[in-house]
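Asker:
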């Protein structure tokens, strides 16, 4: 158990809809990273927050947004969903601002139908 | 920009065989290098890391040496077990500027009894 909790574990929704994925980092970790994992794109970094502030942006679509709340949990919002958004979405946390060394949650599997 | 290239899988071995998974990288700064492992249905777990040239990371019988001259960080294990079957990701964190973590596409390892 990494200590990072993601909910829900599975999500099935229709095209055009909006969903919110939630991540609770390890106790004391200030950094939260979001990743998308798909068969054709591999593991893609989406966005990072550190202590409530956005710190780095990767290949995140404009239809996607995220935030980190004062209690350090984070949410990833995906809107106007398309079939191609079906993927595993991982959250990871780290005590430091800039590091790939992080602890990953078990992921949310999103299926868009 | 930064990039990580891993050998394509799947790599299929018999139990007790020697394992090598190749990884090379491109980075503008002075990266730290990592290997992560993903078991079926789970998130990524840090396997080992190296933070400077000639460092050797090791864990659970796996080893990798940070080779700056060849920009490589190959993963090795002397005798694999069926339980090592998983997907292995090479990654880097460039602490010289960009904090965007970079992962390879992953290499699937299948070990037969």
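Chains as they are written, first to last, in our numbering: chain P, 1 to 113; chain L, 1 to 113.
Heads up, the beta-carbon is just placed ideally off N, CA and C, and yes, glycines get one too.
Residue 71 of chain L: which of L:45, L:18, L:25 and L:7 sits nearest, CA to CA?
Answerer: L:25
Asker: Could you give the distance in angstroms between the alpha-carbon of residue 1 of chain L and the alpha-carbon of residue 27 of chain L?
Answerer: 7 Å
Asker: What beta strand (DSSP E) runs, 3 residues minimum, are completely inside the stretch 4–91 of chain L?
Answerer: If one requires a minimum length of 3 residues, the beta strand (DSSP E) runs lying completely within the stretch 4–91 of chain L are 11–14, 19–21, 23–26, 31–38, 44–50, 56–59, 62–65 and 75–77, in chain order.
Asker: My output table needs one value for residue 71 of chain P: the three-state DSSP class, helix, strand or coil.
Answerer: If DSSP states are grouped into helix, strand and coil, residue 71 of chain P belongs with coil.
Asker: Nearest-angstrom Cα distance between residue 58 of chain L and residue 27 of chain P?
Answerer: 26 Å
Asker: At 8 Å on the CB atoms, spell out the chain P contacts of residue 79 of chain L, in chain order.
Answerer: Ordered by position in chain P, no residue passes the 8 Å Cβ test against residue 79 of chain L, which lies about 27 Å from the chain.
Asker: Using only the alpha-carbon positions, how far apart do residue 31 of chain P and residue 72 of chain P sit?
Answerer: 8 Å
Asker: Should residue 105 of chain L be flagged as near chain P, meaning a C-beta pair shorter than 7 Å?
Answerer: yes
Asker: If I measure Cβ to Cβ from residue 43 of chain P and keep anything under 6 Å in the same chain, skipping five residues before and after, which residues do I get?
Answerer: 35 and 37
Asker: Which residues in chain L sit within 8 Å of residue 105 of chain P, going by Cβ to Cβ distance?
Answerer: 43
Asker: Identify every residue that forms a DSSP beta bridge with residue 46 of chain P.
Answerer: Looking at the DSSP assignment, residue 46 of chain P forms no beta bridge with any residue, so it has no partner.
Asker: Helix, strand or coil for residue 83 of chain P, going by three-state DSSP, please let me know.
Answerer: Note: residue 83 of chain P maps to helix in three-state DSSP.
Asker: Just the Cα atoms here: how many angstroms apart are residue 93 of chain L and residue 104 of chain P?
Answerer: 16 Å
Asker: List, from N- to C-terminal side, the beta strand (DSSP E) runs of 3 residues or more that fit wholly inside the stretch 10–54 of chain P.
Answerer: 10–13, 19–24, 31–38 and 42–50
Asker: Span of the beta strand (DSSP E) holding residue 110 of chain L?
Answerer: 107–112
Asker: Verify whether the separation of the beta carbon atoms of residue 21 of chain L and residue 45 of chain P is less than 7 Å.
Answerer: no
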